[in-house]
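One structure is given here, and the rest of the page talks about it.
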Amino acid sequence: MPPCTCALDFDNPPLLQLLPVSMPPSLSQRKHVLRFSLAFYFVSPLDLKSLAQCSRLFRYAVYISGAQRLIRDFYGHRLTLVMKQYSQNTINMWPYLAARQKECITRKHTFLTSFLGKASDGKSLISNRLWTSPDNSKQATIAARFLLTRLFFQVSIGLTKETIFTIVDVQEVVEGEIWSVETHSSCGKEILYVLEATCEVIGHPAPRLEEGNAPRNTIPIPLRADWSAYVHQHLTRSSCLPPLLEHLKWANSEEYYRGISKLWLSRTEAEGKIGAAKRIVAERYVLACVVGNSISGRRMSSTEMAQESNGLPSQIQRPSREDIRLHLFLPAHHHVESVHFTSSDGKPLHSAVAIVQTPAREYFILKDNGMQIGCEEDGVAHVWMQILRCDAGGRAR
Numbered sequence: 036m037p038p039c040t041c042a043l044d045f046d047n048p049p050l051l052q053l054l055p056v057s058m059p060p061s062l063s064q065r066k067h068v069l070r071f072s073l074a075f076y077f078v079s080p081l082d083l084k085s086l087a088q089c090s091r092l093f094r095y096a097v098y099i100s101g102a103q104r105l106i107r108d109f110y111g112h113r114l115t116l117v118m119k120q121y122s123q124n125t126i127n128m129w130p131y132l133a134a135r136q137k138e139c140i141t142r143k144h145t146f147l148t149s150f151l152g153k154a155s156d157g158k159s160l161i162s163n164r165l166w167t168s169p170d171n172s173k174q175a176t177i178a179a180r181f182l183l184t185r186l187f188f189q190v191s192i193g194l195t196k197e198t199i200f201t202i203v204d205v206q207e208v209v210e211g212e213i214w215s216v217e218t219h220s221s222c223g224k225e226i227l228y229v230l231e232a233t234c235e236v237i238g239h240p241a242p243r244l245e246e247g248n249a250p251r252n253t254i255p256i257p258l259r260a261d262w263s264a265y266v267h268q269h270l271t272r273s274s275c276l277p278p279l280l281e282h283l284k285w286a287n288s289e290e291y292y293r294g295i296s297k298l299w300l301s302r303t304e305a306e307g308k309i310g311a312a313k314r315i316v317a318e319r320y321v322l323a324c325v326v327g328n329s330i331s332g333r334r335m336s337s338t339e340m341a342q343e344s345n346g347l348p349s350q351i352q353r354p355s356r357e358d359i360r361l362h363l364f365l366p367a368h369h370h371v372e373s374v375h376f377t378s379s380d381g382k383p384l385h386s387a388v389a390i391v392q393t394p395a396r397e398y399f400i401l402k403d404n405g406m407q408i409g410c411e412e413d414g415v416a417h418v419w420m421q422i423l424r425c426d427a428g429g430r431a432r
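Quick note: to get this note's numbering, add 35 to the position in the sequence shown (first position is 1).
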């Protein structure tokens, strides 16, 4: 992930080259290594240092015992892939264990000390296991982004009473595009499908609804037919399918690519990693600004949404059963001319804030999900100035 993408995009850990344990014991003693390594699983790391100096057998077993601790604390798909690559009976897994522990501690600390962690105030939590990102290195990032988007809508509609919940699992459904988020609360268990770019909810997966896991006193939003078909196609087809943004429609395709200025896109190529980060934020803004019916509500065609956004009467057309394609439409006033991480006077913006220049005006947005928190006339909204601890110009205080 390029730098400066957002405040809560946690860095992926570096790939480590793990090495075999040196100085193995004699062949007659090797049959005891596994037994001792299992026993050392319960010994504190400080005491293990002393045990490693007792004999070659103990030393070898101490190094091998790192794998047992990994299985206990970080079991998941990521560890399974590493175990397939390296033999836990001969490889020193302690460096990988230390890297995963550091990753978990760093991510949790980054979140708790961020504006989002302080705004959550312990009311919305991410489970300890999820901080280890057991199955996908992006799990903690998606969980944090989901909390941010939830906070955004709470602020937008003025919701004060909220349900205390814990995010217990996050799984990738469509690579790079759609995730499932599972939460537990006093009302029960709930599973939502969200977009990776914005973490906006697109509905509940139907199979889970049949199991009766929906929270009490709520009306679950079913996954709309077009979204359901899109997910099903990606799960069942082995051939390459067009990405989500290929379903986007916008005006003036001569000057804009997926709603983003072609000229600006070419200029960002010369900015290296910073340019790549700006392009990611631009795509998040585009998905955050598509007409609402693109994501949820009544299914509409791109033509209907274009007419409605232009204030023209649109004739409601009942979609045929065969036409279950996704229709995403971006209004012209949200076309992206450029994205900036600094203010007009060259000063850096708050780490969570970016400025998007559109054909009509500038908007202040959250880097993490592309959603608007202010405009050039009024500056950053007062409530977001308090949450982010920034000034009206988007600069950190």
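Built from N, CA and C at the ideal position, the CB exists for glycine as well.
- When secondary structure is reduced to three states using DSSP, T233 falls in the coil class, being assigned neither helix nor strand.
- With distances taken between CA atoms, I199 lies nearest to G223 out of V208, G223 and V190.
- Fewer than three Cβ pairs drawn from the stretch 267-280 and the stretch 339-348 lie within less than 8 angstroms of each other, which leaves the two stretches out of contact.
- In the structure shown, the three-state DSSP call for I213 is strand.
- Residue range A260 to T271 is occupied by the alpha helix (DSSP H) that includes Q268.
- Annotated as proximal: H370 and P394, with beta-carbon spacing under 7 angstroms.
- Taking 3 residues as the minimum length, the stretch 99-158 contains no beta strand (DSSP E) run wholly inside it.
- The residues T125, I126 and N127, in chain order, have a CB closer than 8 angstroms to that of P55 in the same chain once the five nearest residues on each side in sequence are set aside.
- With contacts defined as CB atoms closer than 7 angstroms, C234 and R319 fail to qualify as a contacting pair.
- S162 places its beta carbon 7 angstroms or farther from that of T218.
- Bridge pairing for L363: L283 [DSSP].
- Q120 is positioned such that its CB atom lies no closer than 7 angstroms to that of Y76.
- Our two residues, A286 and S336, have alpha carbons roughly 15 angstroms apart in a direct line.
- Beta-bridge partners of S296 (DSSP): Y291.
- Non-local C-beta neighbours of H282 in its own chain, meaning closer than 6 angstroms and more than five positions away in sequence, comprise L361 and L363, ordered along the chain.
- The stretch 111-119 makes contact with the stretch 167-174: 3 or more CB pairs, one atom from each, lie closer than 8 angstroms.
- Per DSSP, reduced to three states, the secondary structure at T218 is strand.
- A contact between stretches requires three or more CB pairs, one per stretch, nearer than 8 angstroms, and the stretch 319-334 fails this requirement with the stretch 300-311.
- Per the DSSP secondary-structure output, Y228 pairs in a beta bridge with S215 and G238.
- For the pair T184 and N328, the CB atoms are not nearer than the 7 angstroms cut-off.
- For C410, the enclosing beta strand (DSSP E) stretches over residues Q407 to C410.
- Cβ-Cβ separation between W299 and E412: approximately 23 angstroms, too far for a contact (criterion under 8 angstroms).
- Partner residues in the beta bridge of A431, as assigned by DSSP, are C425.
- For H144, the number of other beta carbons within 10 angstroms of its own is below 16, and it is reported as exposed.
- DSSP places Q342 in the uninterrupted alpha helix (DSSP H) bounded by S337 to S344.
- L165: member of the alpha helix (DSSP H) spanning N163 to W166, first to last residue.
- Its chain contains V266 and H269 as the residues whose beta carbon lies nearer than 7 angstroms to that of V209, once the 5 sequence neighbours on both sides are disregarded; these appear in chain order.
- Look at A389 here: in three-state DSSP terms it is strand.
- In this structure, G429 is the residue among G429, C410, D82 and V418 with its C-alpha nearest to the C-alpha of S378.
- For E397, the uninterrupted beta strand (DSSP E) segment begins and ends at E397 to L401.
- Taking 8 angstroms as the upper bound for CB-CB distance, L365 and L230 are not in contact here, some 14 angstroms apart.
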